[in-house]
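In full-length UniProt numbering, the protein residues as written are 1 to 372. Note that beta-carbon positions come from the ideal geometry of N, C-alpha and C, so glycine has one too. Let me begin by presenting the structure, written as structure tokens, before commenting on it.
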């Protein structure tokens, strides 16, 4: 049995925020696109899917596994005789009320209708943005090919000028009875009406364009708001921008998984930025003020929109050694929470010239004589 807490490197009492932080950290480390272990990455994702869901985590903590897809895969052989397993509680909460199960099986009680039969499917996409776009919230427009509302019937599924009628087979209930004969007698159960698909109604005359679906395949331009401070693997939800629902049903949602491009100059670690700067021997020995590039363009706007980057001055202390890192406050990425910014760290690399003029060689010989 897998220990999901051990996989994420957290304690059993970890908070949701601690679980999320541990997941993002490991996902960055083992992502296959970054040369990580694909098997380990899938294992990390599996652990996060279970522990980030309150109900699934509760089942995992109690039974050592999760019951999915309406089929409770509970291991009775494992649980039998264990003092910490309450079978009465299992049937009452995790498997549903036993009385309800009997009613569903033998047809007692009120028929139940399936929910959200017409709702459109959710869509998941990957959205790559430049590092500069993380500085300020901005809107991005994409074109998505998906199921969209039928322009002829406006989603009703009926040919214009015709009516929506009650289903003759189920009399508008959306369900039909099925009678099954067994050794113990005849039993009745309710199933979704095959004629109307559980809706209880259908078009008098189906739309000529969408054939009664109320939707067709097509392109839609969608505007997505990218908040400042967003990072790789974060997911942005855009409500009702998934596939159109069937016959006027509610649209699904759009989920955008963010991927931040690698930058040629800066490296991002959390909300901090790192940059390497070359300085001459004389600058390192005597000290100087040097220009440092930033992600910002003129007037503090993201530099991706401009041909030049805004630069700031950094004071280099005299006698600094190669590899020394200097911190520049509040020049990193804005925190996703909306409060404050990260810092920038400049690593100074003392550059050794490969070609010297005659005069430079003479000066260096004199410095050598002086012990420098």
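What does the Cβ neighbour count give for residue i, buried or exposed, with the cut at 16 atoms within 10 Å?
i, result
"residue 246", "buried"
"residue 318", "exposed"
"residue 168", "exposed"
"residue 126", "exposed"
"residue 264", "exposed"
"residue 347", "exposed"
"residue 161", "exposed"
"residue 313", "exposed"
"residue 295", "buried"
"residue 273", "buried"
"residue 353", "exposed"
"residue 22", "buried"
"residue 226", "buried"
"residue 241", "buried"
"residue 268", "buried"
"residue 371", "exposed"
I'd like to confirm the pairing. Which residues does DSSP put opposite residue i in its beta bridges?
i, result
"residue 188", "179"
"residue 66", "Its beta-bridge partners do not exist; DSSP assigns none."
"residue 50", "In DSSP, residue 50 forms no bridge with anything."
"residue 293", "311"
"residue 288", "316"
"residue 328", "344"
"residue 138", "226"
"residue 131", "Beta-bridge pairing links residue 131 to no other residue."
"residue 334", "341"
"residue 236", "256"
"residue 143", "221"
Tell me, to the nearest whole angstrom, how far the beta carbon of residue i is from that of residue j; I am working on the premise that it is less than 8 angstroms.
i, j, result
"residue 243", "residue 206", "Rounded, the Cβ-Cβ distance is 19 angstroms, inconsistent with contact."
"residue 8", "residue 60", "Incorrect: roughly 12 angstroms between the Cβ atoms, too far for contact."
"residue 146", "residue 204", "About 28 angstroms separates the two Cβ atoms, so there is no contact after all."
"residue 334", "residue 131", "Not confirmed; about 12 angstroms, so no contact."
"residue 215", "residue 270", "Not quite, the Cβ-Cβ distance comes to about 43 angstroms (not below 8 angstroms), so this is no contact."
"residue 233", "residue 24", "6 angstroms"
"residue 28", "residue 41", "That pair is no contact at about 10 angstroms."
"residue 193", "residue 176", "5 angstroms"
Return the residue from the list the options that minimises the CA-CA distance to residue i.
i, options, result
"residue 261", "231, 349, 294", "231"
"residue 18", "141, 51, 41, 271", "51"
"residue 252", "31, 236, 122", "122"
"residue 292", "345, 12, 248, 323", "345"
"residue 282", "36, 62, 364, 359", "364"
"residue 213", "290, 229, 196, 221", "196"
Would DSSP call residue i helix, strand or coil?
i, result
"residue 341", "strand"
"residue 202", "strand"
"residue 265", "coil"
"residue 273", "strand"
"residue 354", "coil"
"residue 12", "coil"
"residue 363", "helix"
"residue 220", "strand"
"residue 278", "strand"
"residue 259", "strand"
"residue 395", "Missing from the structure shown is residue 395; the chain here goes from 1 to 372 and no further."
"residue 32", "helix"
"residue 19", "helix"
"residue 247", "helix"
"residue 124", "strand"
"residue 241", "coil"
"residue 171", "coil"
"residue 370", "coil"
"residue 96", "Here the model assigns residue 96 a pLDDT of 42, short of 50, so the residue's position is not dependable and the matter cannot be decided."
"residue 7", "helix"
"residue 165", "strand"
"residue 215", "strand"
Return yes when the C-beta of residue i is under 6 angstroms from any heavy atom of the ligand MN, and no when it is not.
i, result
"residue 295", "You won't find the ligand MN in this model; it holds no ligand whatsoever."
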